[in-house]
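J.: So the sequence lines, in the order shown, correspond to chains H and F.
Note that numbering that gives the first Met the number 0 gives residue 47 to position 48 of the first sequence, counting from 1, and the numbers run on in steps of one.
Note that numbering that gives the first Met the number 0 gives residue 229 to position 230 of the second sequence, counting from 1, and the numbers run on in steps of one.
Note that CB positions come from ideal geometry on N, CA and C, so glycine has one too.
Model, not experiment: these values are computed from the prediction.
2 protein chains.
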Amino acid sequence: MKLGEQEVSGLSYIEQKRLLVDSLLDKYLPRANSYPQMLHQAMRYSVLAGGKRIRPILALTTYEAFGGHNDNVIHPAACALEMVHTYSLIHDDLPCMDDDDLRRGMPTLHKKYNEATAVLAGDALHDIAFDLLAGSGSAAAVKELAQAIGTYGMLGGQMADVEAEGQEVSLEQIQYIHTHKTGALIRASVRIGGLLAGVNEKTLARLTQYGEKTGLAFQIIDDILDVEGDQSKLGKTIGSDCKNEKATYPGVVGLAQSHDDANQLIDEAIAISREFELKDNHFVILARYIGQRDN
Amino acid sequence: MKLGEQEVSGLSYIEQKRLLVDSLLDKYLPRANSYPQMLHQAMRYSVLAGGKRIRPILALTTYEAFGGHNDNVIHPAACALEMVHTYSLIHDDLPCMDDDDLRRGMPTLHKKYNEATAVLAGDALHDIAFDLLAGSGSAAAVKELAQAIGTYGMLGGQMADVEAEGQEVSLEQIQYIHTHKTGALIRASVRIGGLLAGVNEKTLARLTQYGEKTGLAFQIIDDILDVEGDQSKLGKTIGSDCKNEKATYPGVVGLAQSHDDANQLIDEAIAISREFELKDNHFVILARYIGQRDN
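1. Find the residues of chain H that neighbour M37 of chain F, judging by a C-beta separation of less than 8 Å, and give them in chain order.
2. If we require 4 or more residues per run, which alpha helix (DSSP H) segments fall completely within the stretch 91 to 135 of chain H?
3. Comparing the C-beta of H74 of chain F with each C-beta of chain H, is any distance below 8 Å?
4. DSSP three-state label for A261 of chain H, please.
5. Determine the extent of the alpha helix (DSSP H) in which F205 of chain F is found, giving its start and end residues.
6. Once DSSP output is grouped into helix, strand and coil, what is the label at K1 of chain F?
7. Less than 8 Å separating the beta-carbons of K278 of chain F and E164 of chain F?
8. Which chain H residues are close to Y27 of chain F, counting only those with a beta carbon under 7 Å from its beta carbon?
9. Taking any Cβ of chain F, which residues in the stretch 139 to 150 of chain H have a Cβ under 7 Å from it, in chain order?
10. Given a threshold of 16 other Cβ atoms within 10 Å of its Cβ, counted over all protein chains shown, does S22 of chain H qualify as buried or as exposed?
11. Output the distance between the C-alpha atoms of R54 of chain F and V226 of chain F, rounded to the nearest integer angstrom.
12. Does chain F have any CB closer than 8 Å to the CB of E114 of chain H?
13. Whose CA, out of F:L131, F:I289, F:Y151 and F:L203, lies closest to the CA of L28 of chain F?
14. Tell me where the alpha helix (DSSP H) around P29 of chain F begins and ends.
15. Any residues in the stretch 92 to 118 of chain F with a beta carbon nearer than 9 Å to a beta carbon of chain H? Which ones, in chain order?
16. Got a sec? Which residues, its chain only, sit under 7 Å from A187 of chain F by beta carbon, not counting five neighbours each side?
17. Among the candidates H:S169, H:L24, H:T60 and H:H68, whose CA atom is the shortest distance from the CA of A48 of chain H?
18. Interface residues of chain H around S239 of chain F at Cβ under 7 Å?
19. Which residues in the same chain have their Cβ closer than 7 Å to the Cβ of V141 of chain H, if we skip the five residues on either side of it in sequence?
20. Counting only C-beta atoms, is I284 of chain F closer than 8 Å to chain H at any point?
21. Buried or exposed: which applies to G156 of chain H, given that a residue is buried once 16 or more other Cβ atoms fall within 10 Å of its Cβ?
22. Of all the CB atoms in chain H, is at least one closer than 8 Å to the CB of K1 of chain F?
23. Quick one: which residues of the stretch 48 to 79 of chain H get their C-beta closer than 8 Å to a C-beta of chain F? List them in chain order.
24. Within 10 Å of its beta-carbon, does Q263 of chain F have 16 or more other beta-carbons around it, so buried, or fewer, so exposed?
25. Tell me which residues share the same chain as A286 of chain F and place their Cβ nearer than 6 Å to its Cβ, disregarding the 5 neighbours each side in the sequence.
26. Cβ of I127 of chain H less than 8 Å from any chain F Cβ?
27. Return the residue from the list H:V161, H:L154 and H:M42 that minimises the CA-CA distance to K111 of chain H.
28. When Cβ atoms are compared, which residues of the stretch 172 to 186 of chain F fall closer than 8 Å to chain H?
29. Under 8 Å between the Cβ atoms of L301 of chain H and A76 of chain H?
30. Using 8 Å as the threshold, is the C-beta distance between V46 of chain F and L124 of chain F below it?
31. In angstroms with no decimal places, state the Cα-to-Cα distance between I191 of chain F and A115 of chain F.
32. Leaving out five residues on either side along the sequence, give the residues of the same chain with a beta carbon under 6 Å from the beta carbon of S87 of chain F.
33. Looking at the structure shown, is A79 of chain H part of a helix, part of a strand, or coil, going by DSSP?
34. Should L154 of chain H be flagged as near chain F, meaning a C-beta pair shorter than 8 Å?
Now the structure itself:
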């Protein structure tokens, strides 16, 4: 599908939010010249290396769509999600885990510094996320994040991913890995935006489904890009899933079916968002962006 | 100093609280047979290996001393502190950090399982701590913990400790390491008990001082025990600080001065607690216990 006018303005909405998130992350991260400098520099290196900022943008979009208007609440909460995402990447890249050398076109943190600093910087980002999220004043939002990234969420998916290496996996297993390792945090990003805006139970349930569908589509496309993507755009080594004998969605159902499933999930997410009857439906723009991304 | 009658009943108070904390930790930890089993078993292995439970006991004692009586608030909060403490030990023991083989008389987690599981189990305990603490309903308590164990607290001390290995350190540096690496979480344990009980600013300030003094004494005694202690009681290798060229308090001021300083800190902490004019002053019992412990 060619990008039409709506998508161009869509990219512009996303670009605008991304710039906001980048500046907020810079603001909330500890200064590089404050003690312990090396740890702060390592945290900044990883977080400010770029990225789509999709999780904070989902939280901001949801919060604002449902009438939230207190930047002091949503700005730290949105950034908390990116801090967590970056922590998970740093620990994921460690030699004892995926042992990756390249991330966003740059050396991974343990390559740039050393393993001890990478472990501690990941821990520090994990931690600052809860500091920021607590700044929203909502213990419920803190619980939502902690559960999304715990052993019944992201860490469970991460453990399953490690265990599945080199194994034959079923569609059920790969869906477990994807909905937990990546999906749970994306789902929580939407839900935290909704919780902080004070949406009702019914809306929260629909938002949850929107988050689940875009989250699974996001990771299927990640797997597709590892096969078909452009290394210079992705900033990481193509084919690394295959090399590491990773469980992937195309590895189980094939590339054609993977494309179809991702497209269907995006269509379903868009259909859900239309039920909200919003004047400016940025959920459509975000879902399309996730469905069409090339990095 | 010989243990008198007050200390005997003191040990009994502490023992009673420790048994309570042990049973609560067992309750709050994920079941060993729920997926991902290996991760849950690893978490349980490390947390339930024993330990003095001094941080949760400090939180419980403070909460109850100032009129707190809701177990649904303080029980998860107290256990959060032990989860964090255990996460810090697991990551601290990793090969890229202190590379320790023995902890509480048992193989360290990465020796028992593997490095990937140890990294993830540490992350999972870090995470469940915030889940539990958020269960108290207090975003302020969450912020307190996150800041205590972040880069301006525990992780800053940990980084300084790593950087100081093999270096000549000053008294100022060793005090920075101790007040941050160990002191910040002990201080936060007391403060969180106070915050959840709703104490006033003045009392919170005095509690903070009590926590700072007992926290520094705790770590000085830890260093002393690494020189003079009984390996069978400690459950870890004696002399490992020296072997690892660790910055220690006796290494800077000598053993005699270390004993004097620890005793003085304990006396000061006890004096502060007397200002609270409590009917049953368990703060005295706790401070004496910290000052006289042999493991």
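T.: Once the coordinates are examined:
1. Using a Cβ-Cβ cut-off of 8 Å, M37 of chain F is close to M158 and E162 of chain H, given in chain order.
2. Listed in chain order, they are 108 to 111 and 114 to 133.
3. With 8 Å as the cut-off, H74 of chain F does not count as an interface residue toward chain H.
4. Here DSSP, grouped into helix, strand and coil, assigns A261 of chain H to helix.
5. Note that residue 205 of chain F is Arg in the sequence shown, not Phe. Counting along the chain, the alpha helix (DSSP H) containing R205 of chain F begins and ends at E200 to E227.
6. Here K1 of chain F scores only 40 on pLDDT, less than 50, and its place in the model should not be relied on; the value that follows carries that caveat. If DSSP states are grouped into helix, strand and coil, K1 of chain F belongs with coil.
7. Judged by their CB atoms, K278 of chain F and E164 of chain F are not nearer to each other than the 8 Å cut-off.
8. Listed along the chain, the chain H residues whose CB falls inside 7 Å of the CB of Y27 of chain F amount to none; the nearest CB is some 12 Å away.
9. Within the stretch 139 to 150 of chain H, the residues whose Cβ lies closer than 7 Å to some Cβ of chain F are V141, K142, A145, Q146, I148, G149 and T150, listed in chain order.
10. With fewer than 16 Cβ atoms within 10 Å of its Cβ, S22 of chain H is classed as exposed.
11. Distance between the alpha carbons of R54 of chain F and V226 of chain F: 24 Å.
12. E114 of chain H counts as touching chain F.
13. That would be F:L131, whose Cα lies nearest to the Cα of L28 of chain F.
14. Counted as a single uninterrupted DSSP element, the stretch harbouring P29 of chain F is not any alpha helix (DSSP H), since DSSP gives it neither H nor E.
15. Of all residues in the stretch 92 to 118 of chain F, the ones placed with a Cβ closer than 9 Å to any Cβ belonging to chain H are L93, P94, C95, M96, H109, N113, E114, A115, T116, A117 and V118, in chain order.
16. Excluding the 5 residues flanking it on each side, A187 of chain F has same chain C-beta neighbours closer than 7 Å at E143, L144 and A147, in chain order.
17. Nearest to A48 of chain H by C-alpha distance, out of H:S169, H:L24, H:T60 and H:H68, is H:L24.
18. Residues of chain H whose Cβ lies closer than 7 Å to the Cβ of S239 of chain F do not exist; the shortest such Cβ separation is about 17 Å.
19. Counting only residues of its own chain and dropping the five nearest sequence neighbours on each side, V141 of chain H has a CB closer than 7 Å to the CB of F129, L132 and A133.
20. Cβ-Cβ to chain H under 8 Å: no for I284 of chain F.
21. Buried, by the Cβ-count rule.
22. Because the pLDDT of K1 of chain F is 40, which lies under 50, any placement of that residue in the model is unreliable, and the number read from its coordinates should be weighed accordingly. No, its Cβ sits nowhere closer than 8 Å to a Cβ of chain H.
23. The stretch 48 to 79 of chain H vs chain F, Cβ under 8 Å: nothing.
24. Burial state of Q263 of chain F is exposed, judged by a 10 Å Cβ sphere holding fewer than 16 other Cβ atoms.
25. Contacts found: T213, I265, A268 and I269.
26. Chain F contact via Cβ: present.
27. Taking only the C-alpha atoms, the option nearest K111 of chain H is H:M42.
28. If the cut-off is 8 Å between Cβ atoms, the stretch 172 to 186 of chain F has nothing near chain H.
29. Nothing in the structure corresponds to residue 301 of chain H, since chain H is present only between 0 and 294.
30. Yes.
31. Taking the CA atoms as reference points, I191 of chain F sits about 32 Å from A115 of chain F.
32. Excluding sequence neighbours, S87 of chain F sits near nothing in its chain.
33. The answer is helix: DSSP assigns A79 of chain H an H, G or I state.
34. It does; some Cβ of chain F falls within 8 Å.
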